[in-house]
Structure formats: structure tokens, C-alpha cells
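So for the sequence shown, the numbering used here puts the first residue at 4; every next one is plus one.
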Amino acid sequence: MNLSKSKFTRYLQCPKMLWLDTYKRELAKEDPALLRRFAEGNEVGDLAMGLMGDYVETTAYTEDGRLDIAAMLKNTGKYLSQGVENICEAAFSKNNCYCAVDILHKMEKGYDIVEVKSSTEIKDVYLADCSYQKWVLTSAGLNIGRVFIAYINNRYVRNGEVNIHELFKVEDVTDRLAPYENKVGETTREALSYLTQKEEPPMCVGKHCSDPYPCVYHDYCFRTLPKPNVFDLYRMSAGKAEEYYQSGIVSLEDALTCRIPLNAMQRRQAEFETFDLPTHIDKPGIRAFLETLTYPLYFLDFETFQTCVPLYDGIRPYQQVPFQYSLHYFLEKDGELCHSEFLADEDGDPRRALAEQLVSDIPQDACVLAYNKAFECTRLKELAAAFPDLAEHLLKIEGNIRDLLDVFRDGFVYDRAMGGSLSIKSVLPALFPNSPELDYHNLEDVHNGTEATAAFLSLRGMEKGEREKLRASLLAYCKLDTMAMVLLWQRLKEFCI
Ligand code: SF4
4 MNLSKSKFTR
14 YLQCPKMLWL
24 DTYKRELAKE
34 DPALLRRFAE
44 GNEVGDLAMG
54 LMGDYVETTA
64 YTEDGRLDIA
74 AMLKNTGKYL
84 SQGVENICEA
94 AFSKNNCYCA
104 VDILHKMEKG
114 YDIVEVKSST
124 EIKDVYLADC
134 SYQKWVLTSA
144 GLNIGRVFIA
154 YINNRYVRNG
164 EVNIHELFKV
174 EDVTDRLAPY
184 ENKVGETTRE
194 ALSYLTQKEE
204 PPMCVGKHCS
214 DPYPCVYHDY
224 CFRTLPKPNV
234 FDLYRMSAGK
244 AEEYYQSGIV
254 SLEDALTCRI
264 PLNAMQRRQA
274 EFETFDLPTH
284 IDKPGIRAFL
294 ETLTYPLYFL
304 DFETFQTCVP
314 LYDGIRPYQQ
324 VPFQYSLHYF
334 LEKDGELCHS
344 EFLADEDGDP
354 RRALAEQLVS
364 DIPQDACVLA
374 YNKAFECTRL
384 KELAAAFPDL
394 AEHLLKIEGN
404 IRDLLDVFRD
414 GFVYDRAMGG
424 SLSIKSVLPA
434 LFPNSPELDY
444 HNLEDVHNGT
454 EATAAFLSLR
464 GMEKGEREKL
474 RASLLAYCKL
484 DTMAMVLLWQ
494 RLKEFCI
């Protein structure tokens, strides 16, 4: 049994996660968003290879496409003996522990390590990861000087070719490794011994199931808990939920019986679940909200993508870039429901064309409804900053936005089926339980924002038929988001009759 860097950090998060990886991998339920982030991390690693100057890379693959560790170890040995200044993916193995260092940089006496991360900050888990690498390399006989983490500078704005020396910040973390370094040897021995157990080890669920990374075995380990449970309480911190769980407070009924402190929304969630209460409708509250709306009335929803490495000039790392919107609207009271939409061409920066169509689609004096308006408002302000000639109109639209979420956030409507979630994807089926045409699961290809992002970014280079089909799926998804708002608004009006 061997330990790699990722296995070591998984063991630190939860020993059982590593055990399940080894013996019951088929139970893992991968999160597409997390997989995309890991893939992006690999791309960032490739981009960073030149950070310390000219380099060689050891990476090698077997015929079936897996990493060829033996070849990488051999290549590393060869480059070390040649005195190469920068070795990327420098591979080492000692005492059944393996790692590949992003950049091994030769110094006068020994080597420095540079670990590359696609995050915009240095997290504790990275320090543990670097300590493991330093320990493996030192055990293998290398003299390690300093350890650096290269991470993303979120103030970088692309202007022409990506400048890796501006995109990355490189920080010396050598002195911050001490608390982790002392424990690496013992932890690796424990982990290797833990992996020899053939019987599934017990393990309590808790904060570690989502921190620092969401665990792919969540559904499996939580299957014995009642659903919903204290971990599902609205905005309950995982640490607090773990404390309750460990003291025997598991179900929402337990939460009420044991009188744990609950905010208004959590209390409502627990009471509706426990006593199976009917839909709560606060007519005066709803009416007051509806009276703030005027005609023409528009329902707006953006889709965006964000990438670690900005794709276009004028964009920062991880900036939300709008590429699509859907717009349902009524020009007058009791008028006909109309629809307009925009989906950018995938080959260039989508923002200018989107902003131009948006100002032609929405008049400056229109009342605009969004769901969780902070997102749409921020995108509009960013577009206004990027295109000063359209700024006045864009900022007028932004100033006219009302938030449909307020009705639910203010507690004017609550249904048990919302399960404490105010997301439109929870509210819609709760208020329209028998409407398969409104079920996002019944859409083709694109069912949520993460999939919309991935779909749009995958359009480039796609064969025509496949591309048209995926674009149609993107349009259908975004259209359902604004249709959902229209239907919720109509249902609110019905509640007030
Ligand atoms: S769900 Fe939690 S307890 Fe289960 S393996 Fe993952 S981290 Fe460990």
C-alpha cells in the first residue's frame, strides 16, 4: 500500500475517506463543480511551470493514459544528476510515500520547492500538503531550503498575453510549516497502517465532511441519519451541527425538544418538518411587496462563467462573466407575456454584445424582477464599468431591480417542501408540486448554473450539430429560470385573492 500527497491530505481530512477510496470507491458521488475545479487546477499548474525560468518536465503516461510513476521517478533522477535548474513534476518515493513537486528549483546548496495552487489565498491544508512533500524529499536524501506557494493574484487584470509573473503571487511559507512538519512522519505511518484494515472502520460524520473539501461519500455516510437532520438546518454551521449531533440531537424534532438556539428561519423549518404544517402565507406582507412592482415588468436572469485564468482582456481571475440572459416581460397590466433572450457566441468576450442587447431589450424606466438580485446588480455594475457609453442605461436598469427572493427571505411564504432552502430550485417545486414541465431534472443536458457554465465553455471547437443542441439546452435552462419567476409572481398574486 502506498501513500501519495492527495491520499495524505484526504487522510488528514477524514481517515475513513481514504479507506473508502481504497476499498469502496464505487460509493463516491463526484461533484461536477469540484471536478471542474481540479481540472482547472491542473491547467493552472501547467501554466505556472515557467515561473522560475526555463524548466524540464518529468510527466509521463502509460499506454492506457495513466500517469507512469516509474518513468517519472526515473526522469527525475536523470534531471537531478544533470543539475537541471527547474524540474516540474519532480517525482520522489520513499518508505511507501510518493509525491510529485510542482517545481523543484535548484539552489547553490540543495533545492527549493514551489507548490502551485489555483486558489486566491493560502489555506491551512496547503501547508500540510507542502510539509508532506518536504518530508518525502528530505527522506529521499534531498537538502530542502525554502518552500514557496504560488497562488492566484485576484487583482490581476488580463491585458494581452497572460503574464504569469503578475497572475501568480509567490509566498515563502517555510516558517509556517513547523507545526505540520513535526507530525508528518507519524501521520504517514498511521495512514499506511489504517489502510491495512480490511473491515470498514466506523467514523462519525461532522464538520470534516465538508471542510476543507466536500466529501464524495457524503450520501453514503449520512444515509443512516433522519432526513432532514441538524446538518440540514438553514445556515447552520457544520461545526455547530456536529456538536449537536455528537450530543444526540440529530433530527429536527430533537432540535425543538432540546430547545437548541434557532433563528427564525431554522425554527420555522424545524416546526414545519416536525408538525407537517400547511403552507404559511402572510397576505399583507405579500401584498405590500407586490404593490412595489410597476409596469412594464421584466423578469431577468443571467448565466455567467468564471475561470481562474481570465480568458479575455479586462477580466480578473474568477470574475463572473455574463454570457447569457433570459427575459420574460409584460409591457402593461393584463398584457401578453413576451420573451427575449441572449446567448453569446462562444468564440470571444461575450460582454459587449450582451450589454448592447440588454439595453435595447429593457427600457430605462422598467421595473425589473430578479431572484437574489445582488448577483444581477453586481453584473450590471461591472458591465457599466467596462462599457462607459452604456453605463447610464445599465445603471438605471440596476437601480430598478426588485428582489423576488425578499418575499421568501422575509418569511411571507414558507412550505415544508422548501426544506429550509430559499433557492428558486427549492421554492418552485414546493409551490408547484405536480408540474413536471417546471422540474429542472427534466431538462436536457443543462440542469443548473454549474452545468450551464461547463456547457458554454465546452462549445468552442464542438461539431455543428452537437453545438446547436447544447446551445438549445442552454436557452431552455435559462428560460425556465425566468419562467419560474413569472409563475412564482403569479402564485403570489393568487395567494392575495
Ligand atoms: S462523509 Fe464524512 S465521515 Fe464519511 S468519509 Fe466523508 S468525511 Fe468521512
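Glycine is no exception: its CB is placed at the ideal position from the N, C-alpha and C atoms.
Extent of the continuous alpha helix (DSSP H) to which residue i belongs
i	result
R405	From DSSP, R405 is part of no alpha helix (DSSP H) but of the beta strand (DSSP E) over 404-406.
K428	427-434
E447	Premise fails: E447 is in no alpha helix (DSSP H) and is neither H nor E.
I289	286-293
F459	452-461
S9	8-16
S476	467-498
Three-way DSSP call (helix, strand, coil) for residue i in this model
i	result
A51	helix
C261	coil
S3	No answer is possible for residue 3: the residues shown for the chain start at 4 and end at 500.
F378	helix
V253	coil
F333	strand
V312	coil
E66	coil
F302	strand
A273	helix
A74	helix
R28	helix
D409	helix
E43	helix
D364	helix
S84	helix
F278	helix
E349	coil
E33	coil
P391	helix
T297	coil
P439	helix
Paired residues, beta bridge with residue i - DSSP
i	result
T307	P325
K399	According to DSSP, K399 bridges with nothing at all.
A356	Beta-bridge pairing links A356 to no other residue.
N89	H108
K97	C100
E60	C91
V416	I284
Bounding residues of the beta strand (DSSP E) (the contiguous stretch that carries residue i)
i	result
K109	100-109
V371	370-373
L340	340-346
Beta carbon proximity, residue i to chain D, threshold 7 Å
i	result
A387	Given the protein chain composition of this structure (a single chain), no chain D is represented.
Q) Curious, which full-length alpha helix (DSSP H) runs of at least 4 residues does the segment 169-248 contain? A) 181-197, 221-224
Q: Jot down the residue ranges of each uninterrupted alpha helix (DSSP H) in the segment 111-179, minimum 4 residues, whole runs only, in chain order.
A: Complete alpha helix (DSSP H) runs here, min 4: 127-142, 167-170.
Q.
Between the segment 137-145 and the segment 96-108, can you find at least three pairs of beta-carbon atoms closer than 8 Å?
A. yes
Q | Three CB pairs or more closer than 8 Å across the segment 453-471 and the segment 485-496 | A | no
Q.
Does the contact criterion of 3 or more C-beta pairs under 8 Å hold for the segment 290-299 versus the segment 308-328?
A. By the Cβ criterion, the segment 290-299 is not in contact with the segment 308-328, since fewer than three pairs of Cβ atoms, one from each stretch, lie closer than 8 Å.
Q: Taking 8 Å as the threshold, find out whether the segment 124-131 comes into contact with the segment 40-47 through three or more Cβ pairs.
A: no
Q | the segment 298-305 in contact with the segment 365-376 per 3-pair CB rule at 8 Å | A | yes
Q: Could you say if the segment 328-337 and the segment 393-407 meet the contact criterion of at least three C-beta pairs nearer than 8 Å?
A: No contact exists between the segment 328-337 and the segment 393-407.
Q) How do the segment 171-179 and the segment 147-155 stand: do at least 3 beta-carbon pairs fall below 8 Å, yes or no? A) yes
(Q) Is it the case that the segment 55-64 contacts the segment 19-33, given that we only count it when at least three CB pairs across the two stretches are under 8 Å? (A) no
(Q) Three or more C-beta pairs under 8 Å: does that hold for the segment 415-431 against the segment 271-278? (A) Result yes; three or more Cβ-Cβ pairs closer than 8 Å.
Q. Counting pairs of beta carbons, one from the segment 472-483 and one from the segment 438-451, are three or more of them closer than 8 Å?
A. yes
(Q) Closer than 8 Å is the cut-off here; do at least three beta carbon pairs connect the segment 433-444 with the segment 315-331? (A) At 8 Å Cβ cutoff, the stretches do not touch.
Q. Any chance the segment 11-26 sits against the segment 185-199, with 3 or more Cβ pairs inside 8 Å?
A. yes
Q. Would the segment 241-248 and the segment 194-211 be scored as touching if the rule is three or more Cβ pairs under 8 Å?
A. yes
Q: Answer yes if the segment 108-119 comes into contact with the segment 65-74, meaning at least three C-beta pairs across the two stretches below 8 Å, and no otherwise.
A: no
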